[in-house]
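This note's numbering puts the first residue of the sequence shown at 522, with every later residue one more than the last.
Cβ atoms here follow ideal geometry from the backbone N, Cα and C, with glycine treated the same way.
If you're wondering where the values come from, they're calculated on a predicted model, not measured in any experiment.
Worksheet for the structure shown next.
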Amino acid sequence: MHIALVYISLVIIWLRISINIKGILRLSKSNHPIKVSDTVKKEKPESKAKLFIVIPALNEQERIPLFISHLTQRLADHQDALTHAVIVCNDTEIKNNNSGQFTWDVARETLGKPAYSSFSSRFDVIRYAGECKRSGQLNYACQYLAENHQLAPRDYILFLDVDAVLDRNFFACVADFVAAAESDIAQAQCIYHADQNDHSYDNIAAHWQNYFMLSNERTRFIQREELNAKGKALKEKFWYTANGSIIKYSLIDSVGGFAENCSVDDLATSCLFCAKGCSVTLLDTFLRVEQVAGAAADLNQKKFWCSSYLEMYQLLDFKALNWMHRVNYILFRMYYLLIWCLRGPVIFILGTSIFIDKGIFILSLLSYAAYILSSYAFPYFFIEHKNRFLGNKPVKSTLILLAYPIVQSFVPWVMLLERTFSCIKNSLKKNKG
């Protein structure tokens, strides 16, 4: 029975190793980001795609000043990437009880401040007079940009919510994507790791767990909504989130505009366009990944990136996915949940194999070492992203990286040590007896 448990544990570890290796190979085939400067040299000015930003806002009198400040701060080093931005409000909103103002009044007042003088000429605040629906606001904003600011079919529109939290690399990656113009749509995601005072958190653990830890459920995502509800997301912890979609205008026009139940930072929005057979990039501000085409291929990639059960259900509810895709996705989630639940027992059983057979113990030790090495290969595999991965404290981050699997396995290792000492203690008692 003990030997059977050890072999089952080995199979689980080998499955994890194969996933690590598969992930490395898959990411190694991805197209590396193209530098904006290189792209500009290769392309003629008239063929270069431009970037526009659309920000829908309804009853956001309190948050819109903070978001404008946050957005302009992130745009400060990438002003050339932006052609024009529009904040689209809705006539159906009500005045704020405290300020007695509408969202558009607050937005215009904020943009009129001297601190935003370099951006104000490229920001418009408009009002949508139609029905109170997100789709109407987005379609109206696109039409406004096309009529007033030369939005062309080849250009891209970045759709952002006013609660979007963008990291320092966000617009650098967006600019690379637009300059390369390799895909029709990108789902932008980022790991935000700084508080409101711009004090950075060490994000090495987040990157590690996002890509290669046994747990793909990532328990901090359960906390994300709680932190957001309590207003602590920016004050205490980093979070990982989808932050807007970048869509080519010709694609929006070809599908007749946004559907009724759309969202600018939802995976389902990408799926809406995937069903049309467009090419898609999941654009992470930490690492670019490969393009995929069509709903089925997009599902395979979303399995790797989907960050919460809410997004999973939205994805499964999308009509473009057939029953086989949905079954495969559910099995995928169940598999990772099983792996996560078994993480402690697996390490514990592998460790106790020393009491069964020396050969099995050596095999277990080598398997666990292979798992750790396949995980460590990630940050050193992408040399060009190494500095971004380790941040501005490479020594500290590397030490945390090396210690992370041990910390993750702390409980089962403690259990193993307790059992070892117990066996030694019992054997000493028998010898004395």
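By alpha-carbon positions, which one of the options ends up nearest to residue i?
i: L526; options: A696, F623 and F882; result: F882
i: D705; options: L587, A685, L572 and L949; result: L572
i: C663; options: I678, K654 and I542; result: I678
i: A696; options: V686, D682 and D676; result: D676
i: E769; options: A693, W625 and A667; result: Before going on, a small fix: residue 769 reads as Lys here, not Glu. K769 has its Cα closest to that of A667, out of A693, W625 and A667.
i: P586; options: W625, A606, D601 and N947; result: W625
i: S943; options: F876, E614, K569 and S656; result: F876
i: R955; options: D878, K953, I773 and H670; result: Since the first residue of the chain shown is 522 and the last is 954, residue 955 is not available in this structure.
i: A700; options: D774, S656, H599 and A606; result: H599
i: Q594; options: N690, E703 and A702; result: N690
i: S590; options: E630, K616, F623 and I615; result: E630
Distance check for residue j and residue i, CA to CA, integer angstroms please.
i: Q708; j: L632; result: 28 Å
i: A650; j: N611; result: 6 Å
i: A628; j: G621; result: 14 Å
i: L894; j: A597; result: 40 Å
i: S638; j: Q582; result: 21 Å
i: I868; j: S771; result: 52 Å
i: R648; j: V609; result: 6 Å
i: I945; j: G765; result: 58 Å
i: L949; j: V848; result: 54 Å
i: A602; j: W844; result: 41 Å
i: K951; j: S539; result: 44 Å
i: P674; j: S885; result: 57 Å
i: P635; j: S641; result: 9 Å
i: K654; j: T613; result: 10 Å
i: T873; j: K879; result: 11 Å
i: I773; j: C694; result: 22 Å
i: Y892; j: T941; result: 24 Å
i: S888; j: V532; result: 10 Å
i: K569; j: F588; result: 29 Å
i: S656; j: I534; result: 46 Å
i: A606; j: F623; result: 19 Å
i: N947; j: A890; result: 30 Å
i: K616; j: T604; result: 31 Å
i: A702; j: I524; result: 55 Å
Report yes or no: is there a C-beta of chain C within less than 9 Å of the C-beta of residue i?
i: V867; result: Reference to chain C is not applicable here, since this structure consists of a single protein chain.
Taking Cβ positions, are residue i and residue j nearer each other than 9 Å?
i: S530; j: I767; result: no
i: V575; j: F698; result: no
i: D684; j: R537; result: no
i: P577; j: L659; result: yes
i: D682; j: Y665; result: no
i: L687; j: L592; result: yes
Name the one or two DSSP bridge partners that residue i has.
i: H605; result: F573
i: V646; result: I608
i: L679; result: I574 and I767
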